[in-house]
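Chain order of the listed sequences is F and H. Take the position in the first sequence, starting the count at 1, then add 1; the result is the number in this note's numbering. Take the position in the second sequence, starting the count at 1, then add 1; the result is the number in this note's numbering. All C-beta atoms in this analysis are idealised placements derived from N, C-alpha and C, irrespective of residue type, glycine included. Every value quoted in this text rests on a predicted model; they were computed, and no experiment measured them.
2 protein chains.
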Amino acid sequence: MNKPLDVVIIGAGTAGLAALREVKKRTTNFAIINDGPWGTICARVGCMPSKALVEAAKAFHRRITFEEFGIHGANALAADMPAVLKRVRKLRDGFVASTLKMTEVLGKQAISGRARLLGVGRLEVNGRELHARNIIIATGSRPVVPASWRALGERILTTDTLFEQENLPTNMAVIGLGAIGVEMAQALSRLGLNVTAFNESNTIAGLHDPKVNEVATELLKQEFTLYGGEKADLAAADAGANGGVRVRSKTKEVVVDRVLVSLGRRPNIDDLGLETLGIELDTQGLPPVDPHTMQVADLPIFMTGDANKRKALLHEAADDGHIAGINATRATPVRFERRAPLAIVFSEPGIAIAGSNYESLDPGTALTGEVRFERQGRARAAQRNKGILRLYAQPVTGRLVGCEMCAPGAEHMAHLLALAIGRSLTVHDMLRLPFYHPVMEEGLRTALRDLAAQLPHCNESDLAGCEAFHAEALD
Amino acid sequence: MNKPLDVVIIGAGTAGLAALREVKKRTTNFAIINDGPWGTICARVGCMPSKALVEAAKAFHRRITFEEFGIHGANALAADMPAVLKRVRKLRDGFVASTLKMTEVLGKQAISGRARLLGVGRLEVNGRELHARNIIIATGSRPVVPASWRALGERILTTDTLFEQENLPTNMAVIGLGAIGVEMAQALSRLGLNVTAFNESNTIAGLHDPKVNEVATELLKQEFTLYGGEKADLAAADAGANGGVRVRSKTKEVVVDRVLVSLGRRPNIDDLGLETLGIELDTQGLPPVDPHTMQVADLPIFMTGDANKRKALLHEAADDGHIAGINATRATPVRFERRAPLAIVFSEPGIAIAGSNYESLDPGTALTGEVRFERQGRARAAQRNKGILRLYAQPVTGRLVGCEMCAPGAEHMAHLLALAIGRSLTVHDMLRLPFYHPVMEEGLRTALRDLAAQLPHCNESDLAGCEAFHAEALD
Chain F
2 MNKPLDVVII
12 GAGTAGLAAL
22 REVKKRTTNF
32 AIINDGPWGT
42 ICARVGCMPS
52 KALVEAAKAF
62 HRRITFEEFG
72 IHGANALAAD
82 MPAVLKRVRK
92 LRDGFVASTL
102 KMTEVLGKQA
112 ISGRARLLGV
122 GRLEVNGREL
132 HARNIIIATG
142 SRPVVPASWR
152 ALGERILTTD
162 TLFEQENLPT
172 NMAVIGLGAI
182 GVEMAQALSR
192 LGLNVTAFNE
202 SNTIAGLHDP
212 KVNEVATELL
222 KQEFTLYGGE
232 KADLAAADAG
242 ANGGVRVRSK
252 TKEVVVDRVL
262 VSLGRRPNID
272 DLGLETLGIE
282 LDTQGLPPVD
292 PHTMQVADLP
302 IFMTGDANKR
312 KALLHEAADD
322 GHIAGINATR
332 ATPVRFERRA
342 PLAIVFSEPG
352 IAIAGSNYES
362 LDPGTALTGE
372 VRFERQGRAR
382 AAQRNKGILR
392 LYAQPVTGRL
402 VGCEMCAPGA
412 EHMAHLLALA
422 IGRSLTVHDM
432 LRLPFYHPVM
442 EEGLRTALRD
452 LAAQLPHCNE
462 SDLAGCEAFH
472 AEALD
Chain H
2 MNKPLDVVII
12 GAGTAGLAAL
22 REVKKRTTNF
32 AIINDGPWGT
42 ICARVGCMPS
52 KALVEAAKAF
62 HRRITFEEFG
72 IHGANALAAD
82 MPAVLKRVRK
92 LRDGFVASTL
102 KMTEVLGKQA
112 ISGRARLLGV
122 GRLEVNGREL
132 HARNIIIATG
142 SRPVVPASWR
152 ALGERILTTD
162 TLFEQENLPT
172 NMAVIGLGAI
182 GVEMAQALSR
192 LGLNVTAFNE
202 SNTIAGLHDP
212 KVNEVATELL
222 KQEFTLYGGE
232 KADLAAADAG
242 ANGGVRVRSK
252 TKEVVVDRVL
262 VSLGRRPNID
272 DLGLETLGIE
282 LDTQGLPPVD
292 PHTMQVADLP
302 IFMTGDANKR
312 KALLHEAADD
322 GHIAGINATR
332 ATPVRFERRA
342 PLAIVFSEPG
352 IAIAGSNYES
362 LDPGTALTGE
372 VRFERQGRAR
382 AAQRNKGILR
392 LYAQPVTGRL
402 VGCEMCAPGA
412 EHMAHLLALA
422 IGRSLTVHDM
432 LRLPFYHPVM
442 EEGLRTALRD
452 LAAQLPHCNE
462 SDLAGCEAFH
472 AEALD
């Protein structure tokens, strides 16, 4: 039997690398095992290539404002899809390389292979048994593709394959409008493809607030065909291996060249051997994980990142790994307070939720404040005057608890509000902030003032009591 | 003698309108007097038309990234300056109209004319004497133009006349690179004009931090000719009334068609009769004003907005007016706590200062944290990877005290930091914030971590202690 390692990390994605960073500080007796290509989901097939594509699409789409701005010649612009995708891969390769630096220096401590648990403290990789005092599971996730669709072969794309395409055909369907589906459907449509999107539910992009969802849906419908409340099924449109796909929902039908399937991601836990741990697994095969310690039940095992299906977000995966890396090198785990919730979809206008979402509010008591951006001064000057922002606050105290928005500058305002919510600030506290002029954040101030009008008045000597001018030039 | 009014407001700009909003709530016995066109500096000749122009220039300039993104045809784009300026005026007219609504409803209480103080409680307008228990001075400001340059007539432009031009000539000089000079020089250059800018000092855009100033200056120099440390003088280049202008500094000389003079703004206090108040005026002719009450000495007179030369910023002018409007209707004035300092220049990258600027720091103790955006992930995906952000914090406590930046997303990060500084938050508090991935704010986090490394370690159980991956894809 091999000498036991202090820690084995299974998976070298974001969570695994964050765990590695902490483990390395505390012991040299560790190994990290990775199945498939090294490099994180984020860098290889997630955040980074998708944002490289989204930014190209945003830049190209800006041309629809050019005539209004007094800029001629926009008709001559053309998005060269092979060139767009080539740049995405070039950037991606650089981002992937940046993530490899942490494991390249490890020598034999970095093991390529598929790990399988044999029980608490035991695992197998490449036919070899390892013993580990602590195990960190950070095996990540992969796109969900219904089994019956796999026969469609290359006619089906996921984010695992989308960015590998040399080119994309004219007619595409996007199935599923969560964060990834919305970002990709809008980006591909903006880059000139004819996109038809199907979403089983009537809410998109993880939104809960019906007003924000309605605005977001209507704005996206102006750019591509969007069928909400339509569960789609796929079938080959013809016999050829490279033929089209028939997409059919209850009331809609379309034949397209390729389909991007964006139905979410599934934890990579198949054949991982979780059943050997002797603890109860849920219906999805997942063990119980404490989000404050990342510990699995009371075992010396920690489960992090997409694998634990808690929140498939990079910053949460990094925190998971950080916590697990520390706790896997201690006799007793320490408990961490998690960060305020924050979710962003990089559409345009951006979609974001910070703090509590609409669904988790007490409908009987929560106050809501709202602003629409059609008449907002800066948004008009920038030809970006579309969208809505809704804020939620406690009655009487005016403490901000959450927000949902589809608004220009959403990703920035969401950080400002995440700070406010995380610090338990009130509407009044936020109205003490200097709002420079003219900025999108003045729209946020309008929503704050909408809330302030529902709260007890503040002292006469407090600038937070400043009211709106009700003049576009000034608010 | 007329029955005395409770309040007379002199000037219907932003400060005057803010005062009016509060006065109206408390008395009907008031008047507001305005000299020249009604409508605010902001709407007529300031923030709003300048931002309409800046946004057109930004949209047009984005084409330099198009080839890299995979978008062809950018060479066919042309900025049609008459069309650009026409849109600016169209938007401006709407913004001005929005500011007129507050005074249009006042009937005879809104007086067009030039007011002159005759003493405490007495003033004259249109040859008629008014008595007022309280007077609010909100006369605004106008662009500084050296007397000897006025002979150059229409060859000289200021923001009062720039947006009125049907077209602009190819060769322009910009004299003075404060906020307005930087915004306009960059915008005009981006719209295709050949711009040569002179700045007497070597620091631009109100910056104090030499590193930030250096980056900002170098980035602007890539777009137009910028001579820093060169005080310019102007002379007619030929005898014709519509001829050019010779701009000459100690070591540089250029002949241009028109010159935009952006040397700052001067309070409108000439012939206002401040000398009749019986109090000492400073060398500029300004009386002492308490920024917490807006009161002039101990008189029932209040001085607000650009006129008091405190800070020529819209949000400060609005606060000034708010305070004065309340205090002019009270027996004893109440003191207001002012907001955290915030200044933004809408260049690209944006320039911003929140809280204490670099010059006001104690050089022996203040800590600085820094990030450059060349390798920042999101900035690279967006082809906006230029700029620098510097944060200042107290030693030991790590309390954030200020920042200066020339960075992508500056206007948004400046609001986030203004909130943090206004709430006396620490580096540690800010590192508790969720930073979504990938966003420009992760650059700000890098600067926070740079500060954190100079501060005592935080508890092992605190996510604020999460360190960087030192991988572009993840930080």
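Can you tell which of the options has its C-alpha closest to the C-alpha of residue i?
{"i": "F:R1", "options": "H:K91, H:P342 and H:L208", "result": "The requested residue 1 of chain F is not part of the displayed model; chain F covers only 2 to 476."}
{"i": "F:H413", "options": "F:E443, F:R381, F:D299 and F:V402", "result": "F:E443"}
{"i": "H:I136", "options": "H:N328, H:A453 and H:A465", "result": "H:N328"}
{"i": "F:A465", "options": "F:L163, F:L445, F:D476 and F:P435", "result": "F:P435"}
{"i": "H:D272", "options": "H:V126, H:E360 and H:A355", "result": "H:V126"}
{"i": "H:A453", "options": "H:L392, H:H73, H:F164 and H:D234", "result": "H:L392"}
{"i": "H:G37", "options": "H:R311, H:A84, H:G154 and H:G114", "result": "H:G114"}
{"i": "F:T333", "options": "F:M295, F:A237 and F:T15", "result": "F:M295"}
{"i": "F:V85", "options": "F:N76, F:L101, F:A58 and F:H416", "result": "F:A58"}
{"i": "F:N358", "options": "F:L208, F:V335, F:D476 and F:L300", "result": "F:L208"}
{"i": "H:T162", "options": "H:L261, H:V256 and H:G120", "result": "H:L261"}
{"i": "F:V24", "options": "F:I324, F:R340 and F:P144", "result": "F:I324"}
State yes or no: is the C-beta of residue i within less than 8 Å of the C-beta of residue j?
{"i": "H:F199", "j": "H:I181", "result": "no"}
{"i": "H:I33", "j": "H:L21", "result": "yes"}
{"i": "H:F31", "j": "H:Q110", "result": "yes"}
{"i": "H:L221", "j": "H:L118", "result": "no"}
{"i": "F:L315", "j": "H:H438", "result": "yes"}
{"i": "F:E405", "j": "F:V213", "result": "yes"}
{"i": "F:A383", "j": "H:T41", "result": "no"}
{"i": "H:R259", "j": "H:S142", "result": "no"}
{"i": "H:L426", "j": "H:L449", "result": "no"}
{"i": "H:L18", "j": "H:T100", "result": "yes"}
{"i": "H:I389", "j": "H:G403", "result": "no"}
{"i": "H:L282", "j": "H:V121", "result": "no"}
{"i": "F:H429", "j": "F:C459", "result": "yes"}
By how many angstroms is the C-alpha of residue j removed from the C-alpha of residue i?
{"i": "H:N195", "j": "H:S149", "result": "25 Å"}
{"i": "H:G95", "j": "F:R376", "result": "11 Å"}
{"i": "F:Q455", "j": "F:E468", "result": "13 Å"}
{"i": "H:L158", "j": "H:L264", "result": "12 Å"}
{"i": "H:T197", "j": "H:P288", "result": "38 Å"}
{"i": "F:G306", "j": "H:T140", "result": "60 Å"}
{"i": "F:T284", "j": "F:G378", "result": "51 Å"}
{"i": "H:A344", "j": "H:I354", "result": "5 Å"}
{"i": "H:L98", "j": "H:T28", "result": "First, the residue type needs correcting, since residue 98 of chain H is Ala and not Leu in the sequence shown. Taking the straight line from one Cα to the other gives about 25 Å."}
{"i": "F:G279", "j": "H:L418", "result": "49 Å"}
{"i": "H:V399", "j": "H:T366", "result": "One point to set straight first is that residue 399 of chain H is Gly, not Val, in the sequence displayed. If I take the Cα positions, the gap works out to 11 Å."}
{"i": "H:I270", "j": "H:A308", "result": "7 Å"}
{"i": "F:F243", "j": "F:R249", "result": "The identity of residue 243 of chain F in the sequence shown is Asn, whereas the question assumes Phe. Taking the straight line joining both Cα atoms gives about 19 Å."}
{"i": "H:R191", "j": "F:K232", "result": "48 Å"}
{"i": "H:D239", "j": "H:V257", "result": "11 Å"}
{"i": "F:K4", "j": "F:H132", "result": "7 Å"}
{"i": "H:V183", "j": "H:A75", "result": "25 Å"}
Measuring only between beta-carbons, confirm whether residue i sits less than 8 Å from chain A.
{"i": "F:P289", "result": "Note that chain A does not occur in the displayed structure, where the protein chains are F and H."}
Quick one: does the C-beta of residue i sit closer than 7 Å to a heavy atom of the ligand NAP?
{"i": "F:D430", "result": "Although the ligand NAP was asked about, the structure shown includes no ligands whatsoever."}
Next on the checklist: If the cut-off is 8 Å on Cβ atoms, which residues from the stretch 387–421 of chain H count as contacting chain F, listed in chain order?
Outcome noted: G410, E412, H413, M414, A415, H416, L417, A419, L420 and A421
What are the start and end residues of each continuous alpha helix (DSSP H) run of 4 or more residues lying completely inside the stretch 120–206 of chain H, in chain order?
You should have 160–163 and 180–191.
Item to check | Residues in the stretch 439–455 of chain H having any Cβ partner in chain F nearer than 7 Å | outcome: P439, V440 and E442
Identify every run of the alpha helix (DSSP H) within the stretch 340–370 of chain H, keeping only runs that are complete inside it and at least 4 residues long; order them along the chain. none
Along the chain, which unbroken stretches of the beta strand (DSSP E) at least 3 residues long are found entirely within the stretch 379–411 of chain H?
Those beta strand (DSSP E) runs which fall completely within the stretch 379–411 of chain H and span 3+ residues are 389–394 and 401–408.
Ignoring anything shorter than 3 residues, give me the beta strand (DSSP E) runs that lie fully in the stretch 65–119 of chain F, in order along the chain.
111–113
Of all the beta strand (DSSP E) runs that stay within the bounds of the stretch 207–288 of chain H, which reach a length of 3 or more residues? 226–229, 234–237, 246–249, 254–257, 259–262 and 266–268
Residues of the stretch 36–69 of chain H with Cβ closer than 7 Å to any Cβ of chain F, in chain order: Considering only beta carbons, the part of the stretch 36–69 of chain H lying closer than 7 Å to chain F consists of T41, C43, A44, C48, M49, K52, A53, E56, A57, A60, F61, R63, T66, F67 and E69, in chain order.
Q) Listed from N- to C-terminal order along the chain, which residues in the stretch 147–177 of chain H have their beta-carbon within a distance smaller than 8 Å of any beta-carbon of chain F? A) none
Report the residues of the stretch 80–104 of chain F with a CB closer than 9 Å to any CB of chain H, ordered along the chain.
A80, D81, M82, P83, A84, V85, L86, K87, R88, V89, L92, R93, G95, F96, V97, A98, S99, T100, L101, K102 and M103
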